[in-house]
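All remarks here apply to the structure that follows.
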Amino acid sequence: MKKIKTLLGNAFALSMVTGFDACNLNIKKVTVQEVRSLLSNGFESVVGHQSTADLFTSMLDIDVNMNRVSVSLDTDTLLIVGQYSGPRLPEGVTQLPEGASITWYTVQVAK
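Under the working numbering, the first residue of the sequence shown is numbered 1349, with each subsequent residue one higher.
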């Protein structure tokens, strides 16, 4: 059995799903506690903005680096997405602005 690669990101796009003519996506809403547990065995950050990485670091109590890279998902990859909703984040923010929220999801490709 192949080890699952865990990615932490701030977005999901269909362009991340490559190499399949057809596939299913398993998308599940998860809690911040579940995210911490999933990340505890190691992960690669694919968070594309420094302010979002700083915010995730504060929320998760885990160091999250900004790492703007192209992401390609396959069946051996688990993407954890922190979906931000709210006003544009100012630089250097480590707390959610009033009226903003992060909803956490896992995304995995299934054949």
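For every residue, glycine included, the Cβ atom is placed at its ideal position computed from N, Cα and C. Owing to the predicted nature of the structure, the values given are computational and were not obtained by experimental measurement.
Item: Residue from K1459, V1457 and Y1453 with nearest C-alpha to T1379; Value: Y1453
Item: C-beta atoms of L1387 and I1410 nearer than 8 Å; Value: yes
Item: Entirely enclosed alpha helix (DSSP H) segments - the region 1376 to 1437, minimum 4 residues; Value: 1380 to 1387 and 1398 to 1408
Item: L1373 in three-state terms, based on DSSP; Value: strand
Item: Residues sharing a beta bridge with T1454, DSSP; Value: K1376 and I1428
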